[in-house]
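Working notes, structure below.
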Amino acid sequence: MRVIRNYLVFLLVIGFFVSSLPAEKVKPTYAVVGCRIHPVTGPVIENGTIIIRNGKIETLGPAAKVNIPEDAEVVEAQGLEAYPGLIDAYSQYFLETKSPSGSTAQRRPPFSAPAEERSWDKTNFLVLDNLKFKKTTLSSLHKAGITTILVTPPQQIFAGVSTLLNLNGEKFPPMVLNDKVFLHLYFTTSRGGYPSSLMGTVALFRQSFLDAQHYALQKKTFLRFPAKVSRPEYDAFLERLLPYVVEKKPVVFDCANMQDIKRAINLIEEFKLNGFIAGANEAWRVIDWVKRAKNPLLVTVDFKPPLGSRYANLGEELKKKAEKEIYPRNPAELQKNGLTFALVSGKISNPKEFIKKVTQAVEAGLPADKALQALTIVPARLLQVDSYLGSLEPGKIANVILTKGQLLTKGCQVTRVFVDGLSFEVQAPAAKGAQAPSVNLSGKWKVTVVSQMVTMEMTMDLTQEGSSLTGRLTSEMGNWEISEGTLSGDKLTLVIAANVMGQDMELTFEGQATKDKITGSISFMGGSAEMTATRIPDKS
Amino acid sequence: MKWRKFVGLILAMVWLGLSPLGAGQDLFIKNGTLLTITQGIIHGGDILIIDGKIKEIGQNLTPPKGIRVIDATGKYVMPGIIDSHTHVALSGTNEASVAISSKVRMKDVINPEDPAIFTALTGGVTMVHTMHGSANPIGGENVVLKMKWGKSSEEMYVPYAYRTLKFALGENPKRANMMGFSAQPRYPQTRMGVIAIIRREFAKARSYMREWERYNQLKKNKKLVSFILPPRRNLRLEPLVLMLQGKMVARCHTYQADETLEFIKLSKEFGFKIGAFEHAWEAYKIVKELAAEKIGISVFADNWAYKMEAYQGIAYMAGFCAKHGVLVSINSDSGERIRRLFNDAAKTMRYGDLSEDEALKLITINPAIQLGVQKRVGSLEVGKDADIAIFNKHPLSAYTRCEMTIIEGEVYFDRAKYLEEQQKKAAAKKPHKKGGQK
């Protein structure tokens, strides 16, 4: 009797605590019905239903086996495909790129050591502290089906610590899954001071890792024999290296070419690091190394042959062929050799382009299911979030995307994404009233921008596929990607990801196009300017 | 422009391995004039190569069945040329930001895709000593490579060569000619400063070495208590310790005779070995000292006066020094001059009065000795690596041309085949597009 009473009291107490927890925002419940479900970790389910409740996948299965709860908002998804949200495990979206601190003029006063000691040490750079939200970026990621991104620090020898975001809204804190994922390392040089050469950088890595090992030993010995050993002098840089060198937290080496991959593997082996290899679009050229070393791989689908590669050095013709035919085979080659890897965007700054390149890898021989895994469960495992992300399974976080057409095939469109169980409608690229394009604008253009302040000349490369346009603008100010472009009839809209004096900004162009001439206006930061473009005739 | 495009195309083909040049490690070279370097000239000579090694040399040898035979009738066959000082096949030359950059290793930045490797092959070069630059009193550890174009950096690497560390004296480490652009003034600014900083570094290395010796002694005698830590490893001093222990040799860039002698004194003070002096345009002034110390030089045949400290160069230098018992090699210091080292060697016959044999030694066995690889390469001898260059005329003739370059029995350059492929490719390419790429 007493036992039962105690039990009841216990229940009451528990109940009290549970009910007195701060009320969490109640997330809506959805029933996604009628879609073909691709769980990634299990077989495809035709005519399936997914119940999303409170941010999680409550259940999923064939329509016949899943009851639709009364409180659920039904999402009709007949004819659509459902996938887990895609993960881009090596990107720089939202990163506010800052030039290295200290002005160049002050960096090296004469007859003294470099003003900025250890300018290569950005181990205290936390990506999370350097993010700036941009709505257009979020929507272009969603539009590509990407719901989770790892944001990596800007290039530096010891570059900083990456952050993993679940793209569930407009504020960073709720998005953060992990604010300290990897320490990022680059085979780059330091401007103005040591190291000014690649061999200097390798030496710096080795000496730094050795120093961290020694520092750890000193600290340990001091604690054991405080009376006999002098206290090691505090070193902020080595302190920050300890977790990676001693506790073996993961570090990522950015590998721009095949020699970098070998350099990374040599360092990882010499210092027994928990090392990841990122970039690595030349992994196919050192496949034996990669196979032997078995380091986790974050493989970019940037297929540009690296500078210095024989494929980049021997004329435009070969370079183009390499980018189009040879380098896209890298993922397929890795897969054939039994390696698992995540596919990542790396230097590709446009989500749509990223998915397009993954599709290109599939066309070059990578099985589509492996490609899908490389965008979902594999990166989830490598990022150690596979217990709650990376596949469609009951209990996992509801990162779900709906697409028209199979993912990684041409013409596939993402229509809706759920992130953390929140629904984001993705505007279809071809809005109502859109017309078929009346001209083809592919080719080279000479662009003149006239504003009150300046007249600027640029060249523009456009590639048109159906009604969508991609390309880039080249001027004295640098290369700007056209992140979005649509042509409806003769009405042209371009969104340009520009960088003006180190400042990222988005320019929008709207105008009309004929076969050889484009006219309209370009708007930026509240201002606008007239823009005209004339076709540069193709010499061939 | 057209010509450049053409060459680019051809190089592209070869580089991409579209043209399988001779494969396999067995080869039979038939009926050539063999310039063996160490064993005289064999007319109508044959070489049998098995597994990349020279198995037999002589007249009227019988090739084993199925072996690839290269007819060298009317041609001259010599050991592959060795360049004792160059900077090819590297991603980077100088770690110029600091005066002492001994912690860097060229081994870490081998670039197997440097087109200069192919250029080297076209001039019969099979091995190079590719070095850190001369921006610092103490540069970095150099590396010896075979010019196996198309192979990986590991396959090119020559592990049995001396380990060498670059030193530099004079204008370059003083940054005397760099005031205009990169350089902030940096210690040292004078020749005395250069020697002083090197001496200081060796002194540091010596005490660092002793620290380790003490530690290892305790460890060996089992007297090590757990609160005694090993010294902090210092990558900057480690190569200098290897030098103090005789496991690494100095290769010292120098011009003036006085500072060259100064460096010899330093080597005696600390007991390290000097592999060779580089450039050393005033070496002819100190031949007695160099010969007595058995220190070689690695020099240009001509081309001097490119800066103040190089004004006292003379055309007779290489030949004169060689005649006076100094081990001389002729180097390129360049990814271009590397393809005509045989021309440079020939100049020492006109200026310096060397014999054909003596002149050829400057680019074969002498650099091999300087690199400690003379047991493997540098002459045509049974048991040595089959690193071979075949010329249409005597390699010291002004009309000569390298026809074929072979490393370890594998043909890496075959001029006839290469030209044929170019022509085929060019023919397949017509009609030429207007405009074209640059």
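Protein chains in written order, with our numbering: chain A, 22 to 561; chain B, 77 to 514.
Don't be surprised by glycine CBs; every beta carbon is placed ideally from N, CA and C.
The structure displayed is predicted, hence computed values, not measured ones.
Among the residues facing chain A, Glu277/B is not included, as its CB has no counterpart in that chain under 8 Å away. In summary, Ser459/A is exposed, with fewer than 16 beta-carbon neighbours lying within 10 Å of its beta-carbon over all protein chains present.
Of all C-beta pairs linking the segment 168-181 of chain B to the segment 125-138 of chain B, fewer than three are shorter than 8 Å, placing the two stretches out of contact.
The beta carbon of Thr484/A lies closer than 8 Å to those of Ser463, Leu490, Thr491 and Gly492 in the same chain, with the five residues before and after it left out. Our two residues, Ala192/B and Gln265/B, have alpha carbons roughly 34 Å apart in a direct line. Residue pairing for Asn187/A: DSSP places it in a beta bridge opposite Thr169/A.
Bounds of the beta strand (DSSP E) holding Glu502/A are Gly499 to Ser509. Look at the beta carbons and you see the segment 227-238 of chain B not touching the segment 331-344 of chain B: under three pairs across the two are nearer than 8 Å.
Within the model, the alpha-carbon separation for Arg252/A versus Phe243/A is close to 6 Å.
Taking all protein chains in view, the Cβ of Ala519/A is crowded by 16 or more other Cβ atoms within 10 Å, so the residue is classified as buried. When C-beta distances to chain A are compared with 7 Å, the residues of the segment 156-185 of chain B below that value are Ser167, Gly168, Asn170, Glu171, Ala172, Ser173, Val174, Ser177, Lys179, Val180, Arg181, Met182, Asp184 and Val185, in chain order. Among the residues of chain B, those whose CB is under 9 Å from the CB of Pro216/A are Glu171, Ser173, Val174, Ser177 and Val180, following chain order. Counting only runs of at least 4 residues, the segment 262-309 of chain A fully encloses the following alpha helix (DSSP H) elements, listed from N- to C-terminal order: 279-291. Interface criterion met: the Cβ of Ala224/A is under 8 Å from a Cβ in chain B.
For Pro315/B, no CB of chain A lies under 8 Å from its own CB, so it is not counted at the interface with that chain. Between Ser405/B and Pro443/B, the C-beta spacing is below 8 Å. Less than 8 Å separates the beta-carbon of Gln446/B from that of Ser374/B.
Between Leu116/A and Asn151/A a beta carbon distance of about 6 Å is seen, short of the 8 Å cut, so the two are scored as contacting. In chain order, Ala391 and Lys423 place their CB closer than 7 Å to the CB of Asp378/B, counting only its own chain and leaving out the 5 sequence neighbours on each side. Straight-line measurement puts the Cα of Ala353/A at about 8 Å from the Cα of Pro388/A.
If you check the CB distance, Ala326/B and Gly351/B come in under 8 Å. Within chain A, the residues placing a beta-carbon under 8 Å from that of Arg308/B are Leu231, Asp232 and His235, ordered along the chain. Membership of Trp466/A in any alpha helix (DSSP H) is not indicated; the residue belongs instead to the beta strand (DSSP E) covering Gly464 to Val471. Residue state for Ser229/A is assigned as helix, using DSSP reduced to three classes. From the beta-carbon of Val250/A, the residues of chain B found nearer than 8 Å are Phe303 and Leu305. Taking a Cβ-Cβ threshold of 9 Å, the residues of chain A close to Asn187/B are Gln280 and Gly329, in chain order. Among the residues of chain B, those whose CB is under 8 Å from the CB of Asn334/A are Glu189 and Pro191, following chain order. From the beta-carbon of Ser229/B, the residues of chain A found nearer than 8 Å are Gln280 and Lys283.
Three or more Cβ pairs drawn from the segment 144-162 of chain B and the segment 98-114 of chain B lie within less than 8 Å of each other, which places the two stretches in contact. Separation of the CB atoms of Leu262/A and Thr144/A is rounded to 7 Å, and the pair is thereby assigned contact status at 8 Å. Secondary structure at Tyr238/B: coil, using DSSP grouped into helix, strand and coil. Chain order gives the chain A residues near Leu311/B as Ala224, Arg227, Gln228 and Leu231, where near means a beta carbon separation below 8 Å.
In this chain, the alpha helix (DSSP H) harbouring Glu230/B covers Ser229 to Met232. Beta-bridge annotation (DSSP): Tyr104/A is paired with Ile422/A.
Proximity of Phe179/A to chain B, defined by a Cβ-Cβ separation below 8 Å, is not satisfied. Listed in chain order, the non-local C-beta contacts of Ala285/A below 7 Å within the same chain comprise Phe274, Cys276, Gly296 and Ile298, local neighbours out to five positions each way being set aside.
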